[in-house]
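Notes follow once the structure below has been shown.
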Amino acid sequence: MPNLRVVACLAFLPCVLATPLHSQTNGSDSNDVDRLIAAILGDTPLIDDLQALTDKIGGRATGSEANLRSVEWALQRFQHAGVSASKEGFMMPALWLERSASATLRGEGVSFSPKVAAMPWSAATAPDGDSYPLVDAGTGSADDFDRLGATARGALLLVETPMLTDIAGLFVEYTEAAMIEQRAAEANAAGVVYMASRPSNTLYRHNASYGPGNQRPMLVLERDAALRALRLLRRGTALTLDVTLDIDSGPEYESYNVIGEIRGSTRPDEIVIMGAHLDAWDLGTGALDNGANVAMMIDIARQIRRLGLEPARTIRFALWNGEEQGLVGSYGYTLSHQDELDDHVMAGSVDIGCGRINGFFTGGRPEIIPALDRTLEPVEGLGPFQHIDVPIVGTDNYDFMLEGVANIVANHEPATYGPNYHARSDQFHQCDSQQLRLNAAIVAAVVYGFAEVDVDWTRQTRAEIEELMSASDLEQQMRTFGLWEAWEDGSRGRSN
Ligand SMILES: [Zn+2]
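Residue numbers for the sequence shown follow our numbering, so the first one is 1416 and each next one is one higher.
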């Protein structure tokens, strides 16, 4: 149906129209996929949904009121689209939310009060604040800690960071932070203050600790003030940091994933799950991470339903919760759906913002790639696509990988993702809405394709997962994210 796409497409997509999206047929269902893609490229509520989730509900850290509102909003959006949806409970290990954070730097003849943010799982201070000597910890390297020696004890360590520009830099930031935290603990430091790695004094927060067991204050200090403090320290002015961190903390509690389902027509017991996480750190409003792709999931489900399409397999659209606090919601799903995991044909995640999807991480499972490429044929005009066949840790494919379920993660051109990652500046206007719509078409083709395509893989055994670990840097990644122990002791991941 060549004209349908022309009718349905947006005015801003002439370049796409000039290039056929679909250069060859791939079986009896290609019409369905084409109709789905055309619908998604049309006038749908995708962008309005993103705007509502970000501008109205806003930042929505798991455990917050806003997060509960986002769960109800997502349920309602699925149901309004006629998609059967439910919220599924799982347990969060502990509550952690920042209420407020403030700081003043004092030295002889010097006093200034820059903005700070608490890192996740930071300890609170006394209600009226605590004071610590602030020392120059360089970049937090082993050499820097040698130089500090006993002066690290009881002090807050100010760590200099490079400016973050891209996703590669982000992985470095996580890896460095994990080592710095370990060194700080060994040196009996009071805590760590990270120079913000973002331009324009943008603040952000993300996990750098070992999670809820952390006992020390952990801060991000706006970049210009951190540079000023380092200059003062390096020219001999001793500094004290007065800091007040008001943290809402508590024991384990229940949170919710929202799962929308399109029941399969001929192979309903086989499941393709595609997800994005609903929770978002609360300095910004979580558009790039990950409201955009939440809105995408809802819109794909909506269009499948609206067109009355009947995929062979069951498709589940998962809006995960607790992702930012340890991938907890998707972990909870793998526990509560343990009996069905053998029947999960594919688990996909979209979590790297709004830049063009340029391929997928295929998890070190080369057998996936030919099938994935078949699913992408209807959108080849939106390519090229280049897959990276390595396992990655850091989003909701993780527990599926540890359970041996075939999994993919969309890879994206960096666009605006890096500098705004978990930051105040992660707002609606950072997402290129035209590109988001094209990405939705790509993911729609993939998810619908996997609900139809013949696959020749099964769930991996623990031995096969271990083989994957030894053939990749998976163990190192797991250690960086503080996830290795739970796999090793058998409490998380496939046991046999
Ligand atoms: Zn994310």
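All C-beta atoms, glycine included, are put in the ideal place defined by N, C-alpha and C.
Nonlocal neighbours in the same chain, by C-beta distance under 7 angstroms from residue i, ignoring five residues either side
| i | result |
| --- | --- |
| Glu1575 | Gly1553, Thr1554, Met1610 and Leu1645 |
| Asp1758 | Asp1684, Glu1685 and Ile1686 |
| Gln1494 | Ala1500 |
| Thr1749 | Leu1756, Asp1814, Phe1815 and Glu1818 |
| Gly1651 | none |
| Ile1595 | Gly1555, Val1574 and Val1607 |
As assigned by DSSP and simplified to three states, the class of residue i
| i | result |
| --- | --- |
| Asn1736 | coil |
| Met1507 | strand |
| Tyr1836 | coil |
| Ile1807 | coil |
| Ser1848 | helix |
| Thr1519 | strand |
| Ala1901 | helix |
| Val1765 | coil |
| Asn1629 | coil |
| Ser1501 | strand |
| Arg1638 | helix |
| Arg1877 | helix |
| Arg1780 | coil |
| Gly1796 | helix |
| Ser1670 | strand |
| Arg1678 | coil |
| Glu1828 | coil |
| Arg1650 | coil |
| Glu1882 | helix |
| Thr1659 | strand |
| Met1893 | helix |
| His1759 | strand |
| Ser1410 | The first residue shown for the chain is 1416 and the last is 1911, placing residue 1410 beyond what the model contains. |
| Ala1855 | helix |
| Asn1822 | strand |
| Asn1482 | helix |
| Asn1446 | helix |
| Glu1867 | coil |
| Arg1643 | helix |
| Arg1771 | coil |
| Ala1489 | helix |
Cβ-based neighbour list, residue i, same chain, cut-off 6 angstroms, excluding 5 preceding and 5 following
| i | result |
| --- | --- |
| Trp1899 | Met1893 |
| Arg1631 | Ala1538 and Gly1606 |
| Ser1745 | Trp1735, Asp1811 and Asp1814 |
| Asp1559 | Ala1552 and Gly1553 |
| Ser1664 | Leu1510 and Trp1511 |
| Ser1528 | Thr1519 |
Rounded distance between the beta-carbons of residue j and residue i, thought under 8 angstroms
| i | j | result |
| --- | --- | --- |
| His1710 | Ile1772 | Sequence check: residue 1710 is Ala here, not His. Rounded, the Cβ-Cβ distance is 15 angstroms, inconsistent with contact. |
| Ser1546 | Thr1655 | 5 angstroms |
| Ser1670 | Met1507 | 5 angstroms |
| Arg1852 | Leu1461 | 6 angstroms |
| Leu1698 | Gly1474 | 7 angstroms |
| Asp1841 | Leu1703 | 5 angstroms |
| Val1673 | Leu1734 | 4 angstroms |
| Asn1705 | Ala1695 | 7 angstroms |
| Pro1548 | Ala1570 | 5 angstroms |
| Arg1613 | Arg1638 | 7 angstroms |
| Ala1476 | Glu1738 | At roughly 11 angstroms, the Cβ-Cβ gap does not stay under 8 angstroms, so Ala1476 and Glu1738 are not in contact. |
| Lys1530 | Asn1616 | 7 angstroms |
| Leu1573 | Val1608 | 5 angstroms |
| Arg1877 | Asn1911 | 6 angstroms |
| Ile1713 | Arg1492 | 5 angstroms |
C-beta atoms of residue i and residue j nearer than 7 angstroms
| i | j | result |
| --- | --- | --- |
| Phe1505 | Gly1747 | yes |
| Ile1455 | Ala1762 | no |
| Ala1691 | Arg1620 | no |
| Ser1556 | Leu1693 | no |
| Ile1715 | Ile1677 | no |
| Leu1889 | Asp1811 | no |
| Val1870 | Val1760 | yes |
| Phe1775 | Ile1807 | no |
| Gly1779 | Leu1647 | no |
| Arg1728 | Arg1682 | yes |
| Ala1623 | Ala1592 | yes |
8 angstroms CB neighbourhood of residue i in its chain, flanking five on each side removed
| i | result |
| --- | --- |
| Arg1721 | Ala1454, Ala1496 and Gly1497 |
| His1827 | Ile1767, Gly1768, Cys1769, Gly1770, Arg1771, Ile1772, Asn1773 and Asn1854 |
| Pro1417 | Its pLDDT being 31, under 50, Pro1417 is placed unreliably in this model, and the coordinates cannot settle the point. |
| Trp1902 | Leu1817, Met1893 and Gly1908 |
| Leu1791 | Gly1798, Phe1800, Ile1857, Ala1860, Val1861 and Gly1864 |
| Arg1568 | Ala1602, Asn1603 and Ala1604 |
| Trp1488 | Ala1467, Leu1468 and Ile1472 |
| Pro1542 | Thr1659 and Asp1661 |
>> Quick check on the DSSP output: what are the complete alpha helix (DSSP H) runs of length 4 or more inside the stretch 1546 to 1616, in order along the chain?
In response: 1557 to 1563 and 1582 to 1601
> Going along the chain, which unbroken runs of the beta strand (DSSP E) with 3 or more residues stay wholly within the stretch 1680 to 1757?
Replying inline: 1682 to 1692 and 1728 to 1735
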